[in-house]
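Each protein sequence line maps, in turn, to chains A and B.
Quick note on numbering: my numbering labels position 163 of the first sequence as 164, and the sequence is numbered without any gaps.
Quick note on numbering: my numbering labels position 60 of the second sequence as 61, and the sequence is numbered without any gaps.
In this text, a Cβ means the ideal position worked out from N, Cα and C, and glycines have one as well.
The model shown is predicted, which means the values in this text are computed figures rather than measured ones.
Protein chains: 2
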Amino acid sequence: MQNKKAVVLLSGGLDSATVLAIARQKGFACYSLGFDYGQRHRLEIEAAQAVAASLGVVQHLVLAVNLRVFGGSALTAELAVPKNRPGLHGGGEIPVTYVPARNTVFLSLALAWAETLGAYDIFLGVNALDYSGYPDCRPEYIAAFEKLANLATAAGVEARGRFRVHTPLINMRKADIIKTGLSLGVDYGRTLSCYDPDSQGRSCGQCDSCRLRLEAFASIGVVDTVRYVQASRDVAP
Amino acid sequence: MQNKKAVVLLSGGLDSATVLAIARQKGFACYSLGFDYGQRHRLEIEAAQAVAASLGVVQHLVLAVNLRVFGGSALTAELAVPKNRPGLHGGGEIPVTYVPARNTVFLSLALAWAETLGAYDIFLGVNALDYSGYPDCRPEYIAAFEKLANLATAAGVEARGRFRVHTPLINMRKADIIKTGLSLGVDYGRTLSCYDPDSQGRSCGQCDSCRLRLEAFASIGVVDTVRYVQASRDVAP
Numbered sequence: 002m003q004n005k006k007a008v009v010l011l012s013g014g015l016d017s018a019t020v021l022a023i024a025r026q027k028g029f030a031c032y033s034l035g036f037d038y039g040q041r042h043r044l045e046i047e048a049a050q051a052v053a054a055s056l057g058v059v060q061h062l063v064l065a066v067n068l069r070v071f072g073g074s075a076l077t078a079e080l081a082v083p084k085n086r087p088g089l090h091g092g093g094e095i096p097v098t099y100v101p102a103r104n105t106v107f108l109s110l111a112l113a114w115a116e117t118l119g120a121y122d123i124f125l126g127v128n129a130l131d132y133s134g135y136p137d138c139r140p141e142y143i144a145a146f147e148k149l150a151n152l153a154t155a156a157g158v159e160a161r162g163r164f165r166v167h168t169p170l171i172n173m174r175k176a177d178i179i180k181t182g183l184s185l186g187v188d189y190g191r192t193l194s195c196y197d198p199d200s201q202g203r204s205c206g207q208c209d210s211c212r213l214r215l216e217a218f219a220s221i222g223v224v225d226t227v228r229y230v231q232a233s234r235d236v237a238p
Numbered sequence: 002m003q004n005k006k007a008v009v010l011l012s013g014g015l016d017s018a019t020v021l022a023i024a025r026q027k028g029f030a031c032y033s034l035g036f037d038y039g040q041r042h043r044l045e046i047e048a049a050q051a052v053a054a055s056l057g058v059v060q061h062l063v064l065a066v067n068l069r070v071f072g073g074s075a076l077t078a079e080l081a082v083p084k085n086r087p088g089l090h091g092g093g094e095i096p097v098t099y100v101p102a103r104n105t106v107f108l109s110l111a112l113a114w115a116e117t118l119g120a121y122d123i124f125l126g127v128n129a130l131d132y133s134g135y136p137d138c139r140p141e142y143i144a145a146f147e148k149l150a151n152l153a154t155a156a157g158v159e160a161r162g163r164f165r166v167h168t169p170l171i172n173m174r175k176a177d178i179i180k181t182g183l184s185l186g187v188d189y190g191r192t193l194s195c196y197d198p199d200s201q202g203r204s205c206g207q208c209d210s211c212r213l214r215l216e217a218f219a220s221i222g223v224v225d226t227v228r229y230v231q232a233s234r235d236v237a238p
């Protein structure tokens with residue numbers, strides 16, 4: 002019997018690589034989807050391709066959607082990425098690295114591909130703990146998208162609500178995400194989390210994303226094999 | 002006082018041109034958004050630009066999203082467009098011209114732009130009567146997207162649900178849409194409805210979209226000023 006198909010959103014970061022490994026472990030035939038959305042660096046796209054290949058996807062697709070034309074975020078426009086900012090874990094305020102409606106855009110495109118493939122399962126690496134400031138990482142947002150998917154599509158209507166958005170990391174701590182991925186064979190050396198890598202592809206070690214990652218690896222006593230320019234002031238690499 | 006901003010989805014067709022005129026008449030400063038999504042012809046994109054200019058938008062933006070990579074519809078892939086098919090108005094079955102998750106993709110991108118602009122109003126020309134086979138033209142779908150928009154965005158969360166998706170045509174007949182647009186100064190000669198225009202930009206007159214349009218113009222005794230290759234067998238042009 003053929004495996005059920007799933008579309009997995011794959012950014013090339015630590016979280017989405019882990020999600021892909023989880024989807025594969027659940028027996029899905031995985032179709033991974035990455036985006037070229039006017040990121041400041043192409044390294045993220047290359048990392049996603051490397052992760053997809055190493056985890057045996059059926060197909061990896063990179064779709065160009067130039068969100069930069071809208072402006073509005075440190076990840077797509079020319080704003081400075083915050084380094085070593087206070088309040089790494091806290092507060093619930095919306096960070097400057099927030100991209101308007103990003104998960105909605107990405108999930109919509111995943112849904113379009115899923116419907117074409119005959120897939121009813123979409124996997125997304127959102128996390129409600131480390132990204133508490135992002136409105137589109139909350140469980141109520143995911144539930145609303147799942148409802149929309151089943152109303153929006155011919156497949157959803159005909160199959161009476163079979164679309165599911167899987168967010169296996171949503172309540173996990175970063176350290177547990179890494180432990181899960183390691184147990185499923187993820188090579189985190191292929192991933193890229195940094196918001197601001199240098200021209201040689203080395204991670205900065207000081208943006209929020211690097212610091213959360215370094216802190217989590219340190220907490221479980223595992224060496225992070227990605228290359229860093231400089232470790233964060235407050236986290237031992 | 003500055004006018005409130007609205008993002009208007011503008012395909013270059015008859016419906017979206019009318020919606021833009023309605024949004025303008027309601028006093029919004031209009032930002033129109035068109036897509037280059039791998040259509041078979043660029044005429045649709047050019048029609049949208051001509052309509053936007055003629056109706057005085059603040060900015061018209063064409064965003065490239067290559068939905069063709071997903072395959073799956075007569076409007077993006079190499080399937081034949083049905084001509085003079087029986088059952089033009091009926092049945093509720095999903096037509097071959099359906100594009101997977103199209104309105105969800107387009108609304109998501111409109112939402113991203115709206116949030117960046119500080120707009121809370123999105124206008125969309127869906128119609129539940131003539132397009133009864135499209136799941137993403139139903140009122141319950143629009144309501145679900147509106148709910149999602151307010152959960153998905155920083156602006157929605159901070160402004161406690163101010164996003165609105167306006168669908169002024171949803172319960173209108175095509176003939177009433179045209180009458181409304183004419184009263185608001187829409188030049189329908191600049192629009193393009195045909196799914197399969199020829200190389201000279203002439204509409205085929207035989208696809209569902211041409212036939213609905215010709216029938217509606219005929220019913221109100223107005224001459225449709227777009228150029229046709231051939232009128233439909235069952236509708237007087």
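For residue i, which of the options has the nearest alpha-carbon?
{"i": "A/Gly-138", "options": "A/Asn-104, A/Asp-225 and A/Ala-153", "result": "A small fix is needed here, since residue 138 of chain A is Cys in this sequence, not Gly. Checked all of A/Asn-104, A/Asp-225 and A/Ala-153; the closest Cα to A/Cys-138 is A/Asn-104."}
{"i": "B/Ser-210", "options": "B/Tyr-121, B/Cys-31, B/Thr-192 and B/Lys-180", "result": "B/Thr-192"}
{"i": "B/Gly-13", "options": "B/Lys-6, B/Gln-207 and B/His-61", "result": "B/His-61"}
{"i": "B/Leu-213", "options": "B/Ile-178, B/Arg-203, B/Val-187 and B/Ser-184", "result": "B/Ile-178"}
{"i": "A/Gly-202", "options": "A/Ala-30, A/Val-58, A/Gly-39 and A/Glu-47", "result": "A/Glu-47"}
{"i": "B/Phe-71", "options": "A/Glu-45, A/Ser-184, A/Val-58 and A/Leu-110", "result": "A/Leu-110"}
{"i": "A/Leu-21", "options": "A/Arg-165, A/Phe-124, A/Ala-219 and A/Asp-188", "result": "A/Phe-124"}
{"i": "B/Phe-218", "options": "B/Lys-5, B/Leu-15, B/Lys-6 and B/Leu-11", "result": "B/Leu-15"}
{"i": "A/Tyr-116", "options": "B/Glu-116, B/Val-127, B/Tyr-121 and B/Pro-136", "result": "This sequence places Glu at residue 116 of chain A; Tyr is not what is there. Closest option to A/Glu-116, Cα to Cα, is B/Pro-136."}
{"i": "A/Leu-108", "options": "A/Phe-36, A/Val-59 and A/Ser-220", "result": "A/Phe-36"}
{"i": "B/Gly-134", "options": "A/Lys-84, A/Thr-154, A/Gly-126 and A/Tyr-142", "result": "A/Thr-154"}
{"i": "B/Val-187", "options": "B/Asn-4, B/Val-100, B/Phe-164 and B/Thr-226", "result": "B/Thr-226"}
{"i": "B/Gly-162", "options": "B/Leu-130, B/Leu-149 and B/Arg-228", "result": "B/Leu-149"}
{"i": "B/Gly-126", "options": "B/Arg-228, B/Asn-172 and B/Ala-160", "result": "B/Asn-172"}
{"i": "A/Pro-140", "options": "A/Phe-164, A/Ala-160 and A/Leu-170", "result": "A/Leu-170"}
Kindly indicate if chain A contains any beta-carbon less than 8 Å away from that of residue i.
{"i": "B/Ser-109", "result": "yes"}
{"i": "B/Asp-137", "result": "yes"}
{"i": "B/Asn-104", "result": "yes"}
{"i": "B/Lys-180", "result": "no"}
{"i": "B/Lys-148", "result": "yes"}
{"i": "B/Ala-53", "result": "no"}
{"i": "B/Leu-62", "result": "yes"}
{"i": "B/Glu-141", "result": "yes"}
{"i": "B/Ala-145", "result": "yes"}
Look at the alpha carbon of residue i and the alpha carbon of residue j, and state the distance between them as a whole number of angstroms.
{"i": "B/Gly-28", "j": "B/Ala-53", "result": "16 Å"}
{"i": "A/Val-66", "j": "A/Tyr-38", "result": "5 Å"}
{"i": "B/Val-223", "j": "B/Lys-175", "result": "13 Å"}
{"i": "A/Ser-17", "j": "A/Ala-156", "result": "25 Å"}
{"i": "A/Ala-24", "j": "A/Tyr-189", "result": "17 Å"}
{"i": "A/Gln-26", "j": "A/Leu-183", "result": "13 Å"}
{"i": "B/Gln-239", "j": "B/Pro-198", "result": "For chain B, the structure presents residues 2 to 238; residue 239 of chain B sits outside this window and is missing."}
{"i": "B/Gly-119", "j": "B/Glu-45", "result": "28 Å"}
{"i": "B/Tyr-32", "j": "B/Val-9", "result": "6 Å"}
{"i": "A/Thr-168", "j": "B/Ala-51", "result": "43 Å"}
{"i": "A/Ala-30", "j": "B/Val-58", "result": "46 Å"}
{"i": "A/Leu-1", "j": "A/Ala-102", "result": "Limits of chain A in this structure are 2 at one end and 238 at the other, which puts residue 1 of chain A out of reach."}
{"i": "B/Lys-84", "j": "B/Ile-143", "result": "30 Å"}
{"i": "A/Ser-55", "j": "A/Cys-195", "result": "20 Å"}
{"i": "A/Val-158", "j": "A/Leu-112", "result": "13 Å"}
{"i": "A/Lys-6", "j": "B/Gln-3", "result": "50 Å"}
{"i": "B/Leu-68", "j": "A/Val-63", "result": "12 Å"}
{"i": "B/Lys-180", "j": "B/Gly-206", "result": "21 Å"}
{"i": "B/Trp-114", "j": "A/Phe-146", "result": "19 Å"}
{"i": "B/Arg-228", "j": "A/Ser-204", "result": "58 Å"}
{"i": "A/Asn-128", "j": "A/His-42", "result": "23 Å"}
Checking contacts by CB at 8 Å: is residue i closer than that to chain B?
{"i": "A/Asn-67", "result": "yes"}
{"i": "A/Val-70", "result": "yes"}
{"i": "A/Ala-30", "result": "no"}
{"i": "A/Thr-226", "result": "no"}
{"i": "A/Pro-101", "result": "yes"}
Would you say residue i touches the ligand GDP, meaning its beta carbon is less than 7 Å from a heavy atom?
{"i": "B/Asp-122", "result": "For the structure depicted, the ligand GDP is absent and the ligand set is empty, with no information on it obtainable."}
Residue i CB to nearest chain D CB: under 8 Å?
{"i": "B/Leu-108", "result": "Looking for chain D here will not work: the only protein chains present are A and B."}
task = Determine which residues of the stretch 153-172 of chain A have a Cβ less than 9 Å from any Cβ of chain B, and write them out in chain order.
result = Ala-153, Thr-154, Ala-155, Ala-156, Gly-157, Val-158 and Glu-159
task = Any chance you could list the beta strand (DSSP E) runs of at least 3 consecutive residues sitting entirely within the stretch 171-226 of chain B, in chain order?
result = none
query = Taking Cβ-Cβ distances below 9 Å as the criterion, which residues of the stretch 112-124 of chain B are in contact with chain A?
reply = Leu-112, Ala-113, Trp-114, Ala-115, Glu-116, Thr-117 and Leu-118
ask   = If you scan the stretch 125-165 of chain A from start to end, which runs of the beta strand (DSSP E) of 3 or more residues do you find wholly inside it?
value = none
message = Just to confirm the assignment: which complete alpha helix (DSSP H) runs, minimum length 4, are found wholly within the stretch 7-83 of chain A?
response = 15-26 and 44-55
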